[in-house]
Amino acid sequence: MRWTSSPLASGPGRCVGRTDTFVSQEGKQLCVVFANEEGLAKFTDHLQKLGVMDSALTHRQILEAIAGVDAWSAEDRMSWALNNIGLPNTPTFKLDVELWPVLVANHPSRIQLRTAFEGWLASQKIRQIDWINLDSLLMYRVEVTPEQAQLLLNHRDVRLVDLIPATGISIQQLARDIDEIPRNIPSPPADAARICILDSGINGNHPLLSAAMAESASFVDEEGDDDQAGHGTAVAGVALYGDVEACNNSNFWRPEFWIFNGKVMKKCPHTGDAVYDEFALEASLTKAVEHFVGLGCRIFNLSLGNSNAPYDGAHVRGLAYILDVLSRRHNILFVVSTGNFRGSEEPPVPANGWRDDYPEYLIAVQSAIIDPAPAMTVLTVGSISRHNATLDSQRYPEINQLSPASENQPSPFTRHGPSVKGALKPELVAPGGNLASPMRQLREPWAASMRGLGVLTLNHQWRGNTVFKEVSGTSFAAPYITHLAGRLLNEYPTISANMLRAMLVNQAYLPDEVSSSFSDEFRKGYKKAKATWNRDVERDVAGYGVVSETDLFRSSDNVVVLMSEETIENDGCQFFELPLPEDFLRSARGTRELSITLAYTPVVRTTRIDYLATQINFRLAVGASLDEVQKHFSKEMKAETDVLKEARDGNRDISAQLRNRGTVQSSRWTFKQAKPGEKWFVVVVRQDRDWNPSAAEKEQYALVVTVADRDNEHAQLYTQIQQRIAEQAVAREQERAKQARLQSRG
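Numbering (numbering that gives the first Met the number 0), first residue to last: 0 to 745.
So this is what it looks like as structure tokens:
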């Protein structure tokens with residue numbers, strides 16, 4: 000970063016604050032240009048007040064320095080948590096208050112600032128609980144009333160006001176005695192879904208696993224199938240029970256499917272972590288999958304990754320390619336994790352620490368998804384946070400460790416996409432834990448504490464009151480999706496892997512907490528940057544979002560899920576009229592949703608520029624009749640239009656151009672008014688690459704449409720749509736009979 004004064008500023012950039020300040024991005028440098036020496040002098044003075052004169056500056060610090068301390072408003076001082084959660088609704092509550100870190104910790108100006116502020120706290124009868132004074136941080140923890148909180152938000156020396164850490168995994172949750180666990184936990188039904196965990200092994204004699212354990216096998220040389228690293232048992236616990244924390248709180252345990260154990264990793268003798276031989280894994284993984292497919296497994300959880308193989312935007316290779324081939328060959332679903340980002344030394348990412356640089360570093364080159372997460376026909380899962388209070392924060396009133404992320408924000412270690420040619424990755428996110436920065440220690444920027452912030456799951460070395468442990472990582476977000484997939488397979492035992500993917504993504508929503516993690520300014524800049532043109536940063540981090548279980552397993556009067564397994568020939572165009580009742584298409588105002596998802600599993604080739612041999616996509620079309628819509632699409636296809644136009648794109652959450660790049664594609668339309676006479680169609684199109692050896696064969700795909708009218712308390716969608724489907728079936732039969740008569744006359 001560099002700054003200078005200049006009589007004239009021109010070229011690409013933007014004005015900030017006063018008209019004599021100009022900020023421009025030049026390669027990896029940020030240029031701040033001032034119209035005169037006075038502006039430069041003020042900027043330098045503000046940097047000194049920030050206490051960052053000799054350090055690498057973040058974009059936020061530059062903007063703070065330009066605006067100046069005096070220009071900081073109450074809104075500027077509100078943290079993300081205050082903006083999105085608000086102040087507690089109690090007579091008194093605790094807050095963390097950061098002051099401007101003037102110069103260094105023991106400088107006379109800093110001492111003067113502290114003395115004045117502590118005097119002001121006393122005069123306002125604000126109770127001071129704790130404080131930290133470091134060169135780059137001056138923070139107080141205080142107890143206030145709502146009125147006193149407003150005083151802090153308007154205090155000149157205050158830089159930021161934040162909520163204190165709220166929830167975490169407690170000692171009591173971890174310490175449940177084994178004698179409190181119900182005895183004789185029932186096994187799943189004999190015909191229940193079969194889930195395979197490909198990991199470091201599973202200790203299947205765990206009291207919460209034994210009832211659901213099926214076959215185990217090791218594919219690691221000279222290793223048994225037991226779990227010495229603890230990773231596989233922890234993954235299996237989440238896969239079997241989903242929210243283990245909720246199960247523990249109620250002490251209700253009901254396994255719903257069978258767990259198969261395929262050991263493909265072992266314990267590292269130096270670190271204790273689960274590791275694999277990257278040269279042998281491709282062969283052993285293929286062998287393991289073939290083995291367990293033969294035993295009826297349809298869903299495979301793979302919570303591993305090669306941190307030395309981040310996706311570089313080029314060809315898909317290694318494990319990712321193997322998974323894409325096996326997915327198609329066996330009609331199976333792989334659920335994989337994005338991999339964990341633990342920080343980078345060269346270059347330093349995050350440069351200033353997890354808290355200071357969050358969330359911008361989440362989309363750094365160094366934090367890209369790692370093999371096999373780029374695989375195109377798997378479900379890749381990233382992580383969001385659930386807790387932000389470490390064990391120390393739960394036990395002691397002082398400031399100990401602070402997390403950059405609050406509940407439902409992206410976990411500080413989750414990795415970002417996209418995958419091949421901009422395909423959305425990860426597709427989904429689930430709770431995977433959090434981390435916190437130690438606030439009283441001057442350590443490397445990526446030092447972190449995770450105790451109390453993770454996912455509750457099963458301890459492989461269980462005994463007495465150590466049945467559970469808590470862990471953090473995307474490895475433990477992935478099996479939550481595996482759990483949901485297993486329950487879906489129980490409900491619909493014959494559906495394809497395409498349908499499993501489509502149903503899960505169809506019910507996914509992007510949490511507001513994810514979108515608001517990034518400032519509007521950062522999101523706009525990301526969307527306009529050449530490398531990420533027209534992309535949404537929140538989608539590259541969290542994909543389609545979190546799966547809502549509310550309507551995942553069955554329809555209701557307000558929400559109906561339509562499912563169809565189809566095939567399509569090359570260069571084909573298929574039209575599906577949606578059975579929308581007149582009540583849903585009413586002109587009266589009321590929020591309605593239409594969610595459409597398509598999934599397919601194409602042939603792939605690593606030696607081709609186009610990794611996918613087949614492209615299948617869909618469009619939503621609205622017209623007076625099928626003939627009108629068919630003529631419209633036929634005209635566009637003959638004109639070789641790159642992107643077929645889509646109806647109602649103004650109230651759609653994801654554009655057709657973005658979703659089309661993946662093999663599971665989904666968009667949600669939200670609208671308040673419609674026209675009862677309109678007919679709505681889903682149009683499915685297939686176009687193959689010239690080199691596809693299967694071009695002459697029909698390609699399978701799954702289509703899921705969810706129709707939702709949640710605001711209508713009198714909705715009878717289920718009955719009405721059933722009636723419309725019956726009417727459409729009669730109309731089709733009548734049309735077939737008509738065509739048959741015409742042919743016989745000819």
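For every residue, glycine included, the Cβ atom is placed at its ideal position computed from N, Cα and C. Since we're looking at a predicted model, the values are computed, not measured.
Residue state for H415 is assigned as strand, using DSSP reduced to three classes.
With contacts defined by Cβ atoms closer than 9 Å, N458 and A233 form a contacting pair. When C-alpha distances from R253 are compared across A210, G453 and S302, the shortest belongs to A210. G231 is the residue among D582, G231, Y543 and G295 whose C-alpha sits nearest the C-alpha of T456.
Distance from the CA of T379 to the CA of L197, rounded to the nearest whole angstrom, comes to 15 Å. Taking a cut-off of 8 Å for Cβ pairs, the segment 665-681 and the segment 461-469 do not touch, as fewer than three such pairs fall below it.
Around E490, the same chain offers F552 as residues with beta carbons nearer than 6 Å, after the five sequence neighbours per side are excluded.
In the pairwise beta carbon analysis, the segment 330-350 is classified as touching the segment 298-311: at least three pairs are separated by under 8 Å. Here P107 carries a helix assignment [DSSP, helix/strand/coil].
Under the three-state reduction of DSSP, P478 is assigned to helix. Rounded to the nearest whole angstrom, the CA to CA distance from Q365 to V513 is 20 Å.
Here A372 carries a coil assignment [DSSP, helix/strand/coil]. The three-state secondary structure of R297, taken from DSSP, is coil.
For D129, DSSP records a beta bridge to R140. Taking the C-beta atoms as reference points, R685 is found nearer than 9 Å to E568. Note that the C-beta distance between I398 and M449 is not below 9 Å. Taking the C-beta atoms as reference points, N132 is found no nearer than 9 Å to A115. In this structure, the alpha-carbon of T376 lies about 34 Å from that of P580. E548 counts as exposed, since fewer than 16 other C-beta atoms from the protein chains shown sit within 10 angstroms of its C-beta. Between N88 and the set N82, P145, E74 and Q127, the nearest pair of CA atoms involves P145.
With contacts defined by Cβ atoms closer than 9 Å, V348 and L325 do not form a contacting pair. Our two residues, T481 and A507, have alpha carbons roughly 14 Å apart in a direct line. C195 sits in a strand when the DSSP states are folded into three classes. Here D272 is exposed, its C-beta having fewer than 16 other C-beta atoms within 10 Å. Counting only runs of 4+ residues, the alpha helix (DSSP H) found wholly inside the segment 528-557 occupies 536-541, in chain order. Using a 10 angstroms sphere on the CB of R731, the tally of other CB atoms stays under 16, which defines it as exposed. For F256 against G485, the beta-carbon gap comes to about 4 Å, under 8 Å, which counts as contact. CA-CA distance, Y357 to R522, rounds to 14 Å. When C-beta atoms of the segment 580-598 are compared with those of the segment 694-714, three or more pairs fall below 8 Å, so the two segments count as touching. Classified as buried, A612 has 16 or more neighbouring CB atoms from the shown chains inside 10 Å of its CB. For F583, no alpha helix (DSSP H) segment is defined, and its DSSP state is neither H nor E. Check the Cα spacing between L81 and each of Y320, D95 and T91: the tightest is with D95. Inside the segment 589-674, DSSP marks whole beta strand (DSSP E) runs of 3 or more residues at positions 591-599, 613-622 and 663-670, from first to last along the chain. Per the coordinates, the alpha-carbon of V219 lies some 13 Å from the alpha-carbon of N260. Under a 10 Å Cβ-count criterion, R297 is classified as buried, with 16 or more other Cβ atoms of the shown protein chains found around its own Cβ. Excluding five sequence positions before and after N691, the CB atoms of its chain that fall closer than 7 Å to its own CB belong to V602, A612 and T613, given in chain order.
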